[in-house]
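With full-length UniProt numbering as the guide, the letters of the sequence shown map in order to residues 1 to 290. Everything below concerns the one structure shown next.
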Amino acid sequence: MSPPVFRFAPSPNGYLHLGHAYSALLNSDRARETGGRLLLRIEDIDATRCRPEYETAIYEDLAWLGIAWETPVRRQSEHLDAYRTALDRLSALGLVYPAFESRAEIARLVKAREADGPWPRDPDGVPLYPGAARSLSADERDRLIDTGAPYALRLDMAAACRRAVGLSWNELGEGPDGERGVVPARPEAWGDVIVARKKTPTSYHLSVVVDDALQDISEIVRGQDLFHATSVHRLLQVLLHLPEPVYRHHGLLRDERGRKLSKSTSSTGLRELRAGGATPAGIRRLVGLG
Numbered sequence: 001m002s003p004p005v006f007r008f009a010p011s012p013n014g015y016l017h018l019g020h021a022y023s024a025l026l027n028s029d030r031a032r033e034t035g036g037r038l039l040l041r042i043e044d045i046d047a048t049r050c051r052p053e054y055e056t057a058i059y060e061d062l063a064w065l066g067i068a069w070e071t072p073v074r075r076q077s078e079h080l081d082a083y084r085t086a087l088d089r090l091s092a093l094g095l096v097y098p099a100f101e102s103r104a105e106i107a108r109l110v111k112a113r114e115a116d117g118p119w120p121r122d123p124d125g126v127p128l129y130p131g132a133a134r135s136l137s138a139d140e141r142d143r144l145i146d147t148g149a150p151y152a153l154r155l156d157m158a159a160a161c162r163r164a165v166g167l168s169w170n171e172l173g174e175g176p177d178g179e180r181g182v183v184p185a186r187p188e189a190w191g192d193v194i195v196a197r198k199k200t201p202t203s204y205h206l207s208v209v210v211d212d213a214l215q216d217i218s219e220i221v222r223g224q225d226l227f228h229a230t231s232v233h234r235l236l237q238v239l240l241h242l243p244e245p246v247y248r249h250h251g252l253l254r255d256e257r258g259r260k261l262s263k264s265t266s267s268t269g270l271r272e273l274r275a276g277g278a279t280p281a282g283i284r285r286l287v288g289l290g
């Protein structure tokens, strides 16, 4: 039997904070306890926000914490062809369509819909896609694309769910409401999610399932803020015939106001804490892993 494979997958769009340290240490501890492997993945598909200095800082902070990972590190920006291949497979199934509305236009559509009552929102509180791009003819789609108009490629969620019924996942951790064991997946709660954009042939949802499969990740240890997104990930795994890992969602570290820690919260930043005299052992105690 192959050893279990874990991964820590930060985005280099800011400096790491205590919440990142908690998740990275949990992955490292699990790999050590199980005789498994720990991989590091840099999720840098957002070219507008990701910076080389943040990526360098990730390596420095993790090494300072005493975390070791296998090399080479997988950087998403170097594997766009893999995501494009997965996107082509979804397109071949007739499950992807271009939507041309801007964020401002979507906001106006939602406001108009809410004149008749509340518009549904996804588990993160974002309004579901309210547009009608799915019903555009192929000729009209081609015409809009030929004009150079920006667009997002969305998953036809209703059609996708008809191809993957009875979805669930094995939860070894705990969801926000105490969910454990076999958890039913409800991807329809997310509506027609974005799987790529005109200039980027992927999205977080698509790239994460492709990467986890290509890297043979067997146990995914991550925060409860991604618990509900697992429904979308399980759907994509089934549609793309990718292996199913097990999931271990952990609680989130929060600030004094009960908010999830943010990269903009300098008081919890690892670089600031380290400069102030913190030690790796002290960080473990701060995040409850003493």
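The beta carbon of each residue, even a glycine, is placed where N, CA and C say it ideally should be.
Give the DSSP bridge partners of residue i, in chain order.
i: Ser91; result: Answer is none; Ser91 lacks a bridge partner.
i: Arg222; result: His249
i: Pro127; result: Arg121
i: Pro184; result: Ser168
i: His205; result: None; His205 has no bridge partner.
Where does residue i fall in DSSP's three states?
i: Thr71; result: strand
i: Pro98; result: strand
i: Arg103; result: helix
i: Asn170; result: strand
i: Val5; result: strand
i: His17; result: strand
i: Leu39; result: strand
i: Arg49; result: coil
i: Ala132; result: coil
i: Lys260; result: strand
How long is the line joining the alpha carbons of residue i and residue j, rounded to whole angstroms?
i: Ile283; j: Ala21; result: 8 Å
i: Arg84; j: Gly290; result: 43 Å
i: Ala133; j: Leu167; result: 27 Å
i: Pro127; j: Arg121; result: 4 Å
i: Pro187; j: Gly178; result: 19 Å
i: Asn13; j: Tyr204; result: 14 Å
i: Arg32; j: Ala158; result: 42 Å
i: Val238; j: Arg154; result: 17 Å
i: Gly66; j: Pro280; result: 7 Å
i: Ala152; j: Cys50; result: 20 Å
i: Glu272; j: Cys161; result: 46 Å
i: Ser2; j: Gly191; result: 37 Å
i: Ala47; j: Glu55; result: 13 Å
i: Leu236; j: Val209; result: 7 Å
i: Ala185; j: Ala275; result: 43 Å
Using a 10 Å radius around the Cβ and a threshold of 16 neighbouring Cβ atoms, would you call residue i buried or exposed?
i: Gly173; result: buried
i: Ser137; result: exposed
i: Arg234; result: buried
i: Pro130; result: buried
i: Ala149; result: exposed
i: Leu87; result: buried
i: Ala99; result: buried
i: Ala24; result: buried
Which one of the options has the shortest CA to CA distance from residue i?
i: Arg254; options: Tyr15, Pro10 and Gly19; result: Gly19
i: Leu40; options: Ile145, Glu101 and Asp216; result: Asp216
i: Leu16; options: Ala275, Thr268 and Trp119; result: Thr268
i: Pro72; options: Gly66, Tyr59 and Leu26; result: Tyr59
i: Ala278; options: Asp61, Ile42, Glu53 and Arg163; result: Asp61
i: Glu244; options: Asp212, Glu272, Pro52 and Gly181; result: Asp212
i: Ala164; options: Asp81, Asp46, His241 and Arg89; result: His241
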